[in-house]
Amino acid sequence: MISNKEFGIKGEESAASFLCGKGFQIIERNVRLGHSEIDIIAKNEKIIVFVEVKTRHTYPALHNKFGRPATAVNYKKKIKLIEGAEKYIKKNKETLSGLQPRIDVIEVYISPDSEKYKVLNIIHMPNAVTR
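At the far end of the sequence shown sits residue 358, using our numbering, and the numbering has no gaps.
See below:
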């Protein structure tokens, strides 16, 4: 059985591969900035993107009280993501000059079969977190 930590890492790896397929270059992963942690930081020629990854075993049912994984990015988490992105930009302003910042959420759904890791779907929500 895969641990929660390994499960999260697999989801982040899948999200990073997805972003690379969309033309992004992964700059860093699991970046801690004060009280904030950003799962993935990536860029292309125009955008620097800060990504929060939420990984789940199955699609949420319509009647599921927890809703979609992106709903776990609550107000408090959004503030931490914004603060973390701002700190990162300030710290790296010279190398990030000219890039438009954005905060995305990526939901990764994997097979509920714990013996095999198979991505069922990835849902990318660009600009999911704004001020």
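Just so it is clear, CB atoms sit at the ideal spot from N, CA and C, and this is done for glycine as well.
> alpha helix (DSSP H) containing residue 231: first to last residue?
Replying inline: Start at 1 with the first residue of the sequence shown, and residue 231 comes out as number 4. Taken as a continuous stretch (DSSP letters only), the alpha helix (DSSP H) holding residue 231 covers 231-248.
> Quick one: Cα of residue 251 to Cα of residue 258, how far?
Replying inline: Counted from its first residue, the sequence shown places residue 251 at position 24. Counted from its first residue, the sequence shown places residue 258 at position 31. The alpha-carbon atoms of residue 251 and residue 258 are separated by roughly 17 Å.
>> Short of 7 Å in beta carbon distance, which residues of its chain neighbour residue 284, apart from the five on each side in sequence? Order them along the chain.
In response: Reading the sequence shown from its first residue, position 57 is the one you call residue 284. Within the same chain, and ignoring the five residues on either side of residue 284 in sequence, the residues whose Cβ sits closer than 7 Å to its Cβ are 337 and 339.
> For residue 307, which option in 241, 277, 325 and 346 has the closest C-alpha, if you only look at C-alpha atoms?
Replying inline: Counting from 1 along the sequence shown, the entry for residue 307 is found at position 80. Selected option, being the one with the closest Cα: 277.
> Using a Cβ-Cβ cut-off of 8 Å (strictly less than) and excluding sequence neighbours within five positions of residue 359, which residues of its own chain qualify?
Replying inline: No information on residue 359 is available, as it lies outside the stretch 228 to 358 that the chain covers here.
>> Tell me the rounded alpha-carbon separation between residue 272 and residue 345.
In response: Numbered from its first residue, the sequence shown carries residue 272 at position 45. Numbered from its first residue, the sequence shown carries residue 345 at position 118. Using only the alpha carbons, I get a separation of about 31 Å.
> Between which two residues does the alpha helix (DSSP H) containing residue 310 stretch?
Replying inline: In the sequence shown, counting from the first residue as 1, residue 310 sits at position 83. Counting along the chain, the alpha helix (DSSP H) containing residue 310 begins and ends at 302-318.
>> Just verifying my parser: in three-state terms, what is the DSSP assignment at residue 298?
In response: For the purposes of this step, residue 298 is identified with residue 71 of the sequence shown, where counting begins at 1. Three-state result, residue 298: helix.
> What are the partner residues of residue 336, as DSSP defines its beta bridges?
Replying inline: Within the sequence shown, residue 336 is the residue found at index 109, counting from 1. Beta bridge pairing from DSSP links residue 336 with 283 and 348.
>> Cutting at 8 Å between CB atoms, please list the residues of its own chain near residue 300, excluding the five before and the five after it.
In response: Counting from 1 along the sequence shown, the entry for residue 300 is found at position 73. Taken in chain order, the residues that qualify are 279, 281, 308, 332, 355 and 356.
> In this structure, does DSSP put residue 271 in helix, strand or coil?
Replying inline: In the sequence shown, counting from the first residue as 1, residue 271 sits at position 44. It is coil, neither helix nor strand.
>> Please state the DSSP three-state secondary structure of residue 358.
In response: In the sequence shown, residue 358 corresponds to position 131, counting from 1. Residue state, collapsed to three classes: coil.
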